[in-house]
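Down below is the structure, laid out as structure tokens.
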Amino acid sequence: MRVATFPDRGGYGFCRSSSSLKPAIRYNNNYLESEMHLMSRFECEYEANLEKSANFNFTVQDVLSFVGLHAQIDLFHIAFFLRMWSARSGLVIGHLLLRKIATDPKRMTSTGVKYLTQVEAISVDQELFNEYKFSVDQLMELAGLSCAEAFSSRYSKGKVLVISGPGNNGGDGLVCARHLKLFGYDPVVLYPKHSKSELMERLVIQCNGMGIIFLEQLPSNLSQYIGIVDALFGFSFRPPTRPPFDAIIATLSQTTVPIFSIDIPSGWDVEGGPPTEGSALRPDALISLTAPKLCAKYFRGKAHFLGGRFIPPNMASKYDLNLPLYEGTSSFLQL
């Protein structure tokens, strides 16, 4: 039996061939949006290829060989193999395991995606600037666009409150607000502490030019918004939260309006997660930029996205990021 190579996040299945490796099933983790879609895809494509194979049986040794070839194997790949292996034998273990994984909200932890420490996140950024000569505004534009696209994939059009801090995370929020405006949303920006940087001033001017309203204080009626974009703090934040941001986070922690956090839920420790004392945000959605930070392991919301599609392959390999494959030309994906 020949075993086809599995790229980390997508590739071909198995098939018997004495001369070449022929694809049995094409799969990609990016398509695992629902169990129904996943199972119907497997059923149709597997059965079609099974009919073409005269001897499509697998042994325990085949399983061991496969695992030995792939040190980074995750539960999805095991389930994929067992699903095929059990088809002829009448076993259902592969089907059941695959069903379990498809509906597991913590599936990300078994995909091998690396969670960055604060030091690693800073190092990645610095290498992008110094070695690959990206500019801050260039990365901010790409990151903000991916945030807006991810937000629009989850929430219907309406009035959106974007809360931006004075740092780069706040800049991502301003870019996100501008793109949301272009997407047909009605963004309003809360900008409680202005930055004096030229880049941030330009972003404010751009938003003003598109008719985006800026607020100095948090509105008392948050229910008027269909969602809140949290862009106060990024991975350089160190607790505790100070005025005026502490009062903002305290109010947001009580709201029922869904919160969409950019990279780090504001007020969280980049590695330790939500604070053990005081108010803590519990976002509905989180978009990790470049790669998830360690605090993302504490995220218990409904949707975890990955954005910032600008990491060079050599750099991703150097840091062992094990990033999923983006679908087509999309600037974000759901983990």
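Its first residue numbered 1, the sequence shown is counted upward by one per residue in full-length UniProt numbering. Every residue gets a Cβ at the ideal spot worked out from N, C-alpha and C, and that includes glycine. This structure is a prediction, so every number in the text was calculated from the model and none was measured.
How would you call residue i, buried or exposed, if buried means at least 16 neighbouring beta carbons within 10 angstroms?
| i | result |
| --- | --- |
| leucine 182 | exposed |
| valine 160 | buried |
| methionine 210 | exposed |
| proline 240 | exposed |
| tyrosine 185 | buried |
| aspartate 320 | exposed |
| glycine 272 | exposed |
| asparagine 221 | exposed |
| tyrosine 132 | exposed |
| isoleucine 264 | buried |
| proline 244 | exposed |
| asparagine 168 | buried |
Under 7 Å between the Cβ atoms of residue i and residue j?
| i | j | result |
| --- | --- | --- |
| isoleucine 249 | aspartate 172 | no |
| asparagine 322 | valine 124 | no |
| glycine 267 | leucine 281 | yes |
| valine 162 | valine 229 | yes |
| phenylalanine 305 | alanine 150 | yes |
| leucine 294 | tyrosine 115 | yes |
| alanine 247 | serine 164 | no |
| serine 253 | serine 279 | yes |
| proline 192 | glycine 227 | no |
| leucine 180 | leucine 203 | no |
Between the C-alpha atoms of residue i and residue j, what's the straight-line distance to the nearest angstrom?
| i | j | result |
| --- | --- | --- |
| tyrosine 326 | serine 146 | 12 Å |
| leucine 218 | serine 317 | 42 Å |
| serine 236 | glycine 158 | 31 Å |
| lysine 297 | proline 283 | 13 Å |
| alanine 143 | proline 275 | 26 Å |
| serine 331 | serine 197 | 27 Å |
| asparagine 208 | methionine 200 | 12 Å |
| serine 153 | alanine 177 | 15 Å |
| phenylalanine 134 | phenylalanine 310 | 10 Å |
| isoleucine 213 | phenylalanine 260 | 19 Å |
Who does residue i pair with in a DSSP beta bridge?
| i | result |
| --- | --- |
| glycine 227 | Val160 |
| phenylalanine 237 | Paired residue(s): none; phenylalanine 237 is not in a bridge. |
| glutamine 334 | Phe305 |
| glutamine 213 | Per the sequence shown, residue 213 should be read as isoleucine rather than glutamine. Bridge partners of isoleucine 213: Val188. |
> Where are the beta strand (DSSP E) runs, 3 residues long or more, that stay fully inside the stretch 259–322, in chain order?
Replying inline: 259–262, 285–289 and 303–307
>> For a minimum of 4 consecutive residues, which ranges assigned as the alpha helix (DSSP H) are wholly contained in the stretch 116–191?
In response: 118–130, 136–154 and 168–182
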